[in-house]
Amino acid sequence: MGNAVENEISAINRRQDEVIEEFALFDDWMDKYDHLISLGRELPLIDESLKTDDRIIRGCQSKVWLDAGMEDGKVQFTADSDAIITKGIIATLVRVLNGSTPAGILETDLYFIDRIGLKEHLSPTRSNGLLAMVKQMKIYALAFQAKNDE
Amino acid sequence: MANTLEATGPNTAFAEGIRKQFPLLNQQVNGRPLVYFDNAATTQKPQQVIEAMNRYYREYNSNVHRGVHHLSQVATDAMEQVRNRMADFLGASRHEEIIFTSGCTGGINLAAHILGRAYLRPGDEILLTEMEHHSNIVPWQLAAEISGAIIKVIPVLEDGTLDLEAYQNLLSPRTKVVAFVHVSNALGTINPAAEIISMAKNVGALTLVDGAQALAHERVNVQDLNCDFYVTSAHKHYGPTGIGVLYGRYELLEKLPPYQGGGEMIDRVTFDRTTYNTPPFKFEAGTPNIAGIIGMGASIEWLQEQDIEQVKAYEHELLAYATRALSEIDGFVPVGTSPNKAAVISFNLKGVHHYDVGVLLDKMGLALRTGHHCTQPLMDCYAIEGTVRASFAPYNTFEEIDRLVEALRKAQQMLS
Ligand SMILES: Cc1ncc(COP(=O)(O)O)c(C=O)c1O
C-alpha cells in the first residue's frame, strides 16, 4: 500500500473516531437518534434533478438517493432520503468518506458502524439498507478509480 | 355500544386474565416494558399452545400414518383429532374438507395452482380486490400464466371498503374465480364475505376467502358463508407459524388434481402410472408439520375457551379508544376508516416517514409494523409508500395505547 493511500485511510479513521466519540456522549438510545437526526441536517444534498430512479439504493424501507463526483482527485458524495433517520445514516457515511481518494474509500474498514451500534441496533432488513449504502459508495469509488487508471 | 367505555370503564380484568397466559409479553425491550401491537403480523402464543407442542416432542413424536407402532398411532390420532376440531370450528360438512398447509400462502398457492391447471381456460376471469395481500395476488398471476386466464381487480373506496357496485359490474359469465380477503391486514376492513360470495355464485364463479386475519377476531362458518375455499394461518390466531388449513368443498377436491407429489398423497405408485389417495391426503404430500398441527389444535381449543362476544367487545373498546386518542395527535392521518373494522389502525403522521416512526417507537419499547404490509397495490391506490400499523389483541391494554400516543408525540417532536 502506498503512502498516499495510508494518509487517506488515517484521515478517514480520524473522522470515524470523531463520530464514535460524539455518539459516546449519549447513553440513551433516543439521544443517539436525536444526534443522528441532526447529522442528517448537515448532509450535502443531492441536486433535485439527480433524484432519479437509477440513483436510488435498493434494500431500504425508505428511499435513498446517492450521487458522486470528483474534485481534484477526491470523491464528493451528495445524497438525500425521504426518511430522516435514514438521512442521518447516509449523512454519517458521507461525512466519513467525503473528500477521500477512490483508493482511500476502497481500502478503508468502516469500523465506526459497529462501534456506534448502528448495525446491531438496526434490524437485519434495515442494516441491509446500510450495507447497500456502503456498497454503492464503494462502487462509485471503484468507477472513479477505473477511469483514473485508463 | 359506543358508550360502553364511559359507562363501565375498560374491562381491565378481562385483559389481565388473558395477558397472564402469554409468557412472552412479560419482558423489557430497550429498557421499557414491551408493548406488542403487531398482532396482525403474528400473535403471541398462550402457555397452553407452547405446552402442547412441547408435550408432543417430549412424549409422542413419531411419523404419522406410516407405522403400526404405538407412538405412530398416538401421533396420527392426535393429528386427525386436530383435523376434526378444525372442521368443527370452521363449520365444514366433513373433516376430509380440511387440508393441512403451511398457512394462507401455502393454501392459496395450492388452490390457485390446481384451478389453473384443471379448471381455468384462456379468457376466463379471476376477480381479486385492490386490498389483497401479495399472497392472494401472485399465486393467481401464476395460475393465469398457466391457464391463459385474466385477472381483474375490484377497486377499494376512499374509506377502505370495497366498491361493491364496481364488483357487480365486473361480474359476468366469464368470471370463474372470485378471491378476496375476509379481513384486510393493512386497513382492518371487514369485508361483507357472504354477500360477495352470493354475488359470485350468481354467475357460477368459485370463491376463495383469505381468512388470515379473521379467525382471531370472529367465528367463521364456511357453510354459512357458502364459499368454495377458505384459507387460514395458525400463527395469526395464537398458534404456531408455518401451519394452517385450506378448507375446500369436498366435491371440488375430489375432482381437482393433486398439487405436489410425494409420500402420503398416493394410492399406488408404479413407474407407468400412479393413482392418488382420496382428499384430503391427495393434497398433503410428505411428512406434515405434526408439531405445528398439534399447536394449531391447541390454539383452536384456546380460542373455543374464550367468550368470543367478550373478545369482540373488548377489541372494539380498544379500537374505539385508540382511534379517539390517536385522532387528537396533530397531523394524524388514518388509512382505512371502514365502519366495519377489526382492531387494526393504519396511519401516517403528516410530513413524517413511517420508517422513522417505527424505528423510534421500537427504541421506546413498542412493536408496530411499518411499510407496505405486503399490499403494494393498495398503497399505490392511496398514493402512499406505506403506513404505521397498530393491531390489537385482547391482551393489549388501555395503558399501552396511552404509551403509544405518548411515544408518537415524542417521535413527532424529534422528527419535525
Ligand atoms: C391478509 C393476509 N393474507 C395472507 C397472509 C399470509 O400468511 P402466511 O404468511 O401465514 O402464509 C397474511 C399474513 O401476512 C395476511 O395478513
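Here the protein sequences come in this chain order: Y and W.
Residue numbering for the first sequence follows our numbering, beginning at -10 and increasing consecutively.
Residue numbering for the second sequence follows our numbering, beginning at 141 and increasing consecutively.
Just so you know, even glycine gets a beta-carbon here, dropped at the ideal spot from N, CA and C.
Cβ-based burial, residue i [other Cβ within 10 Å; buried from 16]
i      : result
Y/R3   : exposed
Y/L100 : According to the sequence displayed, residue 100 of chain Y carries Tyr and not Leu. Flag for Y/Y100 reads exposed.
W/G384 : buried
W/E525 : buried
W/H357 : buried
W/N143 : Because the pLDDT of W/N143 is 43, which lies under 50, any placement of that residue in the model is unreliable, and the question is left without a value.
Y/I128 : exposed
W/T415 : exposed
W/G263 : exposed
W/L508 : buried
W/P479 : exposed
Given residue i as reference, the closest of the options once Cα atoms are compared
i      : options                           : result
W/T269 : W/S275, W/K292, W/G243 and W/L282 : W/K292
Y/L86  : Y/I1, Y/N(-4) and Y/V(-6)         : Y/I1
W/G491 : W/V175, W/H377, W/S233 and W/V473 : W/V473
W/L355 : W/G288, W/L544 and W/G231         : W/G231
Y/L95  : Y/V53, Y/Q134 and Y/D20           : Y/Q134
W/L466 : W/N429, W/E449, W/I541 and W/Q444 : W/I541
W/A326 : W/E455, W/D470, W/A431 and W/A352 : W/A352
W/F561 : W/T381, W/L386 and W/P279         : This structure gives no information on residue 561 of chain W, because the portion of chain W shown stretches from 141 to 556.
Y/W54  : Y/F12, Y/L34 and Y/G93            : Y/L34
W/G246 : W/I286, W/T381 and W/D470         : W/T381
W/E236 : W/R225, W/Y495, W/G243 and W/C244 : W/R225
Y/A121 : Y/D138, Y/D98 and Y/I79           : Y/I79
For residue i, three-class secondary structure by DSSP
i       : result
W/R413  : coil
Y/I9    : helix
W/V204  : coil
W/R172  : strand
Y/I(-2) : helix
Y/R47   : coil
W/T245  : helix
W/T144  : Low confidence applies to W/T144: its pLDDT is 46, below 50, so where it sits in the model is not reliable, and the reading given next is rough at best. In the structure shown, W/T144 sits in a helix (DSSP, three-state: H, G or I).
W/E358  : coil
W/M504  : coil
Y/L99   : coil
Y/L25   : helix
W/S467  : helix
Y/G118  : helix
Y/G77   : helix
W/I290  : strand
W/T152  : helix
W/R408  : strand
W/T216  : helix
W/S439  : helix
Y/S70   : strand
Y/V53   : strand
Y/L34   : strand
Residues that residue i bridges to, as DSSP identifies them
i      : result
W/N488 : W/V473
W/V385 : W/F240
W/Y370 : W/V349 and W/Y387
Y/Q144 : This structure cannot speak to residue 144 of chain Y, because chain Y is shown only from -10 to 139.
W/D178 : W/S531
W/A319 : W/L348
W/V296 : W/L302
W/I330 : W/V323
W/E265 : W/I290 and W/T315
W/G511 : W/T527
W/T481 : Checking the displayed sequence, the identity of residue 481 of chain W turns out to be Lys instead of Thr. W/T329, per the DSSP bridge assignment.
Practice problem: Note down, in chain order, all residues in the region 476 to 498 of chain W with a beta-carbon under 7 angstroms from any beta-carbon belonging to chain Y. | Solution: Result list: H493, Y495 and D496.
Practice problem: Determine which residues of the region 4 to 37 of chain Y have a Cβ less than 8 angstroms from any Cβ of chain W, and write them out in chain order. | Solution: For the region 4 to 37 of chain Y, which is checked against every Cβ of chain W, the residues closer than 8 angstroms are W18, M19, Y22, D23 and I26.
Quiz item: Listed in chain order, which residues of the region 59 to 76 of chain Y have Cβ atoms closer than 8 angstroms to some Cβ of chain W?
Solution: Cβ proximity to chain W below 8 angstroms picks out D71, A72, I73, I74 and T75 from the region 59 to 76 of chain Y.
Practice problem: Please list the residues of the region 508 to 520 of chain W that have a C-beta atom closer than 8 angstroms to any C-beta atom in chain Y, keeping them in chain order. | Solution: Within the region 508 to 520 of chain W, T510 and G511 place their CB atoms closer than 8 angstroms to a CB of chain Y, listed in sequence order.
Self-check item: Near-chain Y residues of the region 159 to 191 of chain W (beta-carbon distance less than 7 angstroms), N- to C-terminal order
Solution: The region 159 to 191 of chain W vs chain Y, Cβ under 7 angstroms: N170.
Quiz item: Listed from N- to C-terminal order along the chain, which residues in the region 382 to 415 of chain W have their beta-carbon within a distance smaller than 9 angstroms of any beta-carbon of chain Y?
Solution: Residues: none.
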